[in-house]
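Asks: Starting off with a structure, shown below.
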Amino acid sequence: MGRLSSLAMILGLSACNSGPDEGAILTFESPEGPISATRIEVVLANAAPTAIADVDNQRRAPGSEADDAVRYYRQRALGGVVEGMKGVAGFQLRIEPDITTSTDKAFIPLVFVYDGDALVGVGAVEDALGDPAAVQITPGMITRYPWW
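Take the sequence shown: its letters are residues 58 to 205, numbered as in this note's numbering.
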């Protein structure tokens, strides 16, 4: 598999008393140029530090002797699937947790972008160190997260 494109997500967060307007607005950018996409899948990872694990000695590729340390994020809720778009630049998507599976107010959104059946991009809101960052879904507040 070739190198995947990275996505920048600028996040505007809006929420209102657990109502239908609660959620986070993700605005996608593609720093490496336009990405063709037909489907976006969003996974909301648990933001609790106890749900994030660093594991050493993970193989880089099947059959390879080379290894790296890898950070694993535990899925907390589905963010949803969007189909039928042609690209991601400027695309906006509102995400919110399924309250039947989670009442958490902080998540790490991870986005997987497909063109047909091929995975072509992966994205996250990043912190100052370039790691995936948690976003807060706070009722009654609008919060904006800068893209680093």
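The beta carbon of each residue, even a glycine, is placed where N, CA and C say it ideally should be.
A quick note: this is a predicted structure, and the numbers were derived from the prediction, not measured.
1. Classify residue 87: buried if its beta carbon has 16 or more other beta carbons within 10 angstroms, exposed otherwise.
2. Label residue 106 either buried or exposed according to how many other C-beta atoms from any shown protein chain fall within 10 Å of its C-beta, with 16 as the threshold for buried.
3. Just to confirm the assignment: which complete beta strand (DSSP E) runs, minimum length 3, are found wholly within the stretch 135-197?
4. Three or more C-beta pairs under 8 Å: does that hold for the stretch 89-102 against the stretch 137-145?
5. Mind reading off the beta-carbon distance from residue 144 to residue 91? Whole number of angstroms is fine, and I expect it under 8 Å.
6. Where does residue 84 fall in DSSP's three states?
7. Please report the distance separating the alpha-carbon of residue 167 from that of residue 184.
8. Kindly give me the distance between the Cβ atoms of residue 161 and residue 133, rounded to whole angstroms, as I take these residues to be in contact under 8 Å.
9. Look at the alpha carbon of residue 189 and the alpha carbon of residue 93, and state the distance between them as a whole number of angstroms.
10. Could you check what DSSP says for residue 95 in three-state terms: helix, strand or coil?
11. Once the 5 residues before and after residue 108 are set aside, which same chain residues still bring their CB inside 7 Å of it?
12. In the DSSP assignment, the beta strand (DSSP E) including residue 105 goes from what residue to what residue?
13. Less than 6 Å between C-beta atoms, sequence neighbours within five positions excluded: which residues of the same chain meet that for residue 113?
14. Closer than 7 Å: is that where the CB of residue 121 sits relative to any heavy atom of the ligand PLP?
Replies: Well, looking at it:
1. As a position in the sequence shown, residue 87 is number 30, starting the count at 1. Flag for residue 87 reads buried.
2. Reading the sequence shown from its first residue, position 49 is the one you call residue 106. When all chains shown are included, residue 106 counts as exposed.
3. 149-152, 163-172 and 175-181
4. yes
5. As a working note, residue 144 is residue 87 in the sequence shown. As a working note, residue 91 is residue 34 in the sequence shown. Under the criterion of beta carbons closer than 8 Å, residue 144 and residue 91 qualify as touching, at roughly 6 Å.
6. Looking up residue 84 in the sequence shown gives position 27. Three-state DSSP puts residue 84 in a strand.
7. One-based indexing of the sequence shown puts residue 167 at position 110. One-based indexing of the sequence shown puts residue 184 at position 127. Distance between the alpha carbons of residue 167 and residue 184: 13 Å.
8. Within the sequence shown, residue 161 is the residue found at index 104, counting from 1. Within the sequence shown, residue 133 is the residue found at index 76, counting from 1. Indeed they touch by this definition, with Cβ atoms about 6 Å apart.
9. The residue given as residue 189 occupies position 132 in the sequence shown. The residue given as residue 93 occupies position 36 in the sequence shown. Each residue's Cα considered, the two are about 23 Å apart.
10. Against the sequence shown, residue 95 aligns to sequence position 38. Of the three classes helix, strand and coil, the one that applies to residue 95 here is coil, per DSSP.
11. Residue numbering aside, residue 108 sits at position 51 when the sequence shown is read from its first letter. 131, listed in sequence order.
12. Taking the first residue of the sequence shown as position 1, residue 105 is located at position 48. From DSSP, residue 105 is part of no beta strand (DSSP E); its letter is neither H nor E.
13. Position 56 of the sequence shown holds residue 113. Same-chain partners within the cutoff: 126.
14. This structure does not include the ligand PLP; it has no bound ligands of any sort.
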